[in-house]
Every structure is written in C-alpha cells, then in structure tokens.
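K.L.:
Position one of the sequence shown corresponds to residue 1 (UniProt numbering), numbered consecutively onward.
Glycine included, each C-beta is placed from N, C-alpha and C at the ideal position.
Because the structure is a prediction, the values reported are computed rather than measured.
Have a look at this one.
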Amino acid sequence: METRILQDTPGGLGLLLKAALPSLPVIGSLPGIRKAAPAGFDGLAFSRPASEVTREHVDAYARVCGFPTKDAAPLPYPHMLAFPLHMAIMTEQAFPAPAIGTVHLENSITGHRPVAIGESLGVQVSVGPSEPHPKGTIFRFVSEARSDGELVWESTSTYLRRGKGDEAASAGSSFPEAAPTGTVWSLPGDLGRTYAGVSGDHNPIHLYALTAKALGFPRQIAHGMWSKARCIAALENRLPDAVRVDVAFKKPILLPGKVAFGSTPTDDGFAFSLTNPRSGAPHLVGATTAL
1 METRILQDTP
11 GGLGLLLKAA
21 LPSLPVIGSL
31 PGIRKAAPAG
41 FDGLAFSRPA
51 SEVTREHVDA
61 YARVCGFPTK
71 DAAPLPYPHM
81 LAFPLHMAIM
91 TEQAFPAPAI
101 GTVHLENSIT
111 GHRPVAIGES
121 LGVQVSVGPS
131 EPHPKGTIFR
141 FVSEARSDGE
151 LVWESTSTYL
161 RRGKGDEAAS
171 AGSSFPEAAP
181 TGTVWSLPGD
191 LGRTYAGVSG
201 DHNPIHLYAL
211 TAKALGFPRQ
221 IAHGMWSKAR
231 CIAALENRLP
241 DAVRVDVAFK
251 KPILLPGKVA
261 FGSTPTDDGF
271 AFSLTNPRSG
281 APHLVGATTA
291 L
C-alpha cells in the first residue's frame, strides 16, 4: 500500500469532531462523513518526518507514568509519536470504523534498543484489512520507529469494532497468571486529563464523568496505554535493553480508583497484571519477553 507522509499531525478540537461525527446517528450517514464499506478497505499507511525526542516531553511522560528520569526514553514512549498517526488513519473517511467506540484490545511493544534523549525518530503506522473476532472485527495497527534508517522500536495495537462476530475466530492472546503481590496504586480523578495533555489522546471517555457517561461509562476511565506504561515502569529496572512487552486490556479502570499490581517471574521475563483490589476483576494482563 502507498504510504502518505503527514508534515503536520492532526490534533485539537477539529480532530475530536472528525473522530466523533461518523458515530453520531443521522450525521454519520451524511456524504463526506459516512465511513467507507469494510469490504472495500485494503489498508492505509501514514508516516511523519523524523522528530527529536526531547527531554521536556519525555520527562513529562515519565512523571505521569511513574518512570524515573534517565537519558533514555521509557520503552513505551515512542507510542506518543505514533498515536497521532493512529488517529489520522482512524479519522480518514476510507477507514471503515469510527474512532469513537473502537476499543483497544491488545498492544505489543518491541524495543530493539533504548532510544536516547535527543535522537530523532521517523515513525510510520500502517493498518491492513479487518480480521474476524467473536465480538466483531479487529484492525491491527503496526507502528515502526526508525533512527537514521535503523528500526529501534515497533508496536502492534489491536482495535475491536463491535458488531456481528465470528464465533470460530480467535478471541485474542492468552497470558500466564500473575496474582496481586500487595502493591496498590491510588489513581486520581484527573489522571486521564493529565495523560491526555502528554499523549494527545483526548478521547472523551478519559476526561470527565459527564463526557464518559455520554458514551456509556459510569465515569471517566484510565487510558489503556497509561496502564501498560505504569506496569512497565514497575518492572523497568529488571528488563533488558531488548525486550517485548505484550498486554491485553480487560475491564476499564474507573477514575478515581485503585488498582492492584502483581508480577511473577517466567522463563524469559515476567508475567504481570492489574486487578480491582476488592473484586479481583482483571483490568490488564501481560508478559515481558527478553530478546
């Protein structure tokens, strides 16, 4: 597929409107807003020119996600550069699913080596045709970050669009168990807004109780990629420079709220989890793999 280069990545109120309008009754069926038919979608790919990994942005990301200050960016940080391209693709009329209401099911990050502060990374994101899922269809967004042509980081985000599913299709990855080990994190009500200020992900479900309720949630919820990053921060000093971290997002984390973290060693890394400390319901399950 052809890769489109975006000199300026989308953002702000205009992007939120573009993301929301296709999911609205009546308005979403209007010409120019209506999404393309899934059967005709064969993929999209966007890239952005190389940009510097700055100390200011990395430190802001590290603070909200629980990482220490270092001369290298935290493992999940390049997702901050890739996410605007995810949104650029999702808000294209040719992409068959509205951005609002599309659920992040799984994410896999591979860091081939640490990314230094001051390095310049070029990022490309691509997505192919939809795949069947028991609860609808899924789209896999593949992100790649390169430094002077060297692939240093890559990620696959799996998004679900609920609808008519295929019971014979895979329901997703499985992970080893990691029971809570006594660590409980208290999450403030403004966590979603703080993370949105760093990540650019201003999905209304993360911001305020009012905007989350309008989309079917009892109150605002934490970003899935924040929850993954917070788990990686808890394990960071035990992970090698070359590593893959896979997670599946389960039940939403309501804000404000508390989550229980657990981890246990495996043959080639760690299994980890976030659960509700009262009910034991899972919010996230994952595993690291040394490369």
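From this set, Thr194, Ala212, Ala73 and His202, which residue's C-alpha is nearest Thr54's C-alpha?
P.N.:
Translated into the one-based positions of the sequence shown, residue 54 becomes position 54. Ranking the options by Cα distance to Thr54, first place goes to Ala73.
K.L.:
Using DSSP with H/G/I as helix, E/B as strand and the rest coil, what is Gly224?
P.N.:
To locate residue 224, count along the sequence shown from 1; it is residue 224. Helix, per DSSP.
K.L.:
Three Cβ pairs or more, each shorter than 8 Å: is that satisfied between the region 224 to 234 and the region 58 to 68?
P.N.:
As far as the Cβ criterion goes, the region 224 to 234 touches the region 58 to 68, which means the pair count is three or higher.
K.L.:
Candidates Arg161, Ala212 and Glu177: which alpha carbon is nearest Pro98's?
P.N.:
On the sequence shown, residue 98 is found 98 positions in, with the first residue counted as 1. Measuring from the Cα of Pro98, the nearest candidate turns out to be Arg161.
K.L.:
So, helix, strand or coil for Gly197, using DSSP?
P.N.:
Numbered from its first residue, the sequence shown carries residue 197 at position 197. Helix, per DSSP.
K.L.:
Within 10 angstroms of its Cβ, does Val184 collect 16 or more other Cβ (buried), or is it exposed?
P.N.:
Your numbering for residue 184 matches position 184 in the sequence shown. Exposed, by the Cβ-count rule.
K.L.:
On the criterion of 16 or more Cβ atoms from any shown chain inside 10 Å, does Ile5 qualify as buried, or is it exposed?
P.N.:
The sequence position of residue 5 within the sequence shown is 5, counting from 1. With fewer than 16 Cβ atoms within 10 Å of its Cβ, Ile5 is classed as exposed.
K.L.:
Measure the C-alpha to C-alpha separation of Ile221 and Pro240 and round it to an integer number of angstroms.
P.N.:
Position 221 of the sequence shown holds residue 221. Position 240 of the sequence shown holds residue 240. Spanning the two alpha carbons is a distance of roughly 31 Å.
K.L.:
Whose C-beta lies closer than 8 Å to the C-beta of Arg238 among residues of the same chain, with five residues either side of it excluded?
P.N.:
Within the sequence shown, the letter at position 238 stands for residue 238. These residues qualify, in order along the chain: Phe270.
K.L.:
With burial defined as no fewer than 16 other Cβ atoms inside 10 Å of the residue's Cβ, what is the status of Arg230: buried or exposed?
P.N.:
Locating residue 230 in the sequence shown gives position 230, counting from the first residue. Buried: at least 16 other Cβ atoms inside 10 Å.
K.L.:
Which residues bound the beta strand (DSSP E) around Leu151?
P.N.:
Translated into the one-based positions of the sequence shown, residue 151 becomes position 151. That run of the beta strand (DSSP E) goes Glu150 to Arg162.
K.L.:
Taking the alpha carbon of Lys258 as the point to measure from, which residue in Phe141, Val142 and His283 has its own alpha carbon closest?
P.N.:
Position 258 of the sequence shown holds residue 258. Comparing Cα-Cα distances from Lys258 to each of Phe141, Val142 and His283, the minimum goes to His283.
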